[in-house]
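Before any comments, here is the structure.
In my numbering, the protein residues as written are 11 to 216.
As structure tokens, this is what we get:
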């Protein structure tokens, strides 16, 4: 048993020493306001930053983790999203210089929002989510260090479970009503629920 443990440890150290470190990220801004006649309807504005890093274990296989954060707001509501997602990515095939990868991630996320109503009462909600995401990713190397990448959200799948907990606060703050937590699960195409059909980013390989 001891020999098996030492052999496994040596193999892990060997892989770690030969692995290449990479860092990267992406940013997106989205707004969905509209205009009906002379009336301007203000929509949501979402700003999202994703930072990632990890190890390239083989030419066609890497592991990493992604930190996502950003505010979202409209005329009456302010919120903030935070998520952490370890992931693995495998290159399925190449089309010339373009790599076609399959990525799987496990993620945990927290979303908060605060809405101020016309009577100055306030509603606050916290949403805690856990899930599994599957996505195709296209990569294009600019040089030996920098690679551009595009995650195709419109053909990605997401299986998640979320719990929402809210509370309502009276205008003078004297009354606070706690809502019962509500849990639900979803299986959907990411492109149907996120701010874009494609997420663009880059990685830098040391």
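Using N, Cα and C, we set each Cβ at its ideal position, and we do this for glycine too.
Collapsing the DSSP output to three states places residue 128 in coil.
Taking a contact to require three or more Cβ pairs closer than 8 Å, the stretch 127 to 144 and the stretch 103 to 114 qualify as touching.
Annotated three-state conformation of residue 140 is strand, per DSSP. Taking a contact to require three or more Cβ pairs closer than 8 Å, the stretch 122 to 137 and the stretch 145 to 161 do not qualify as touching. By the neighbour-count definition (other C-beta atoms within 10 Å, threshold 16), residue 72 is a buried residue. Taking C-beta separations shorter than 8 Å and ignoring five residues to either side along the sequence, the partners of residue 86 in its chain run 125, 126, 127, following chain order.
For residue 194, the secondary structure class from DSSP, reduced to helix, strand or coil, is strand. Taken atom to atom, the span from the alpha-carbon of residue 60 to that of residue 77 is near 6 Å. Shown here for residue 123: same chain residues with a beta carbon closer than 6 Å to its own, the five before and five after excluded, namely 87, 89, 135 in chain order.
Under DSSP, residue 68 takes part in a beta bridge, and its partners are 71. For residue 165, there is no enclosing beta strand (DSSP E), as DSSP gives it neither H nor E.
57 is the residue among 94, 57, 190 whose C-alpha sits nearest the C-alpha of residue 84.
Take the alpha-carbon of residue 156 and the one of residue 211: they are about 11 Å apart.
Here residue 36 is bridged, per DSSP, to 60.
The three-state reading of DSSP puts residue 154 in coil, since its state is none of H, G, I, E or B. The criterion of a C-beta distance shorter than 9 Å is satisfied by residue 169 and residue 195.
Excluding residues up to 5 positions away in sequence, 133, 134, 135, 189 lie with their Cβ nearer than 7 Å to the Cβ of residue 176 in the same chain. The Cβ-Cβ distance between residue 65 and residue 93 does not fall below 9 Å.
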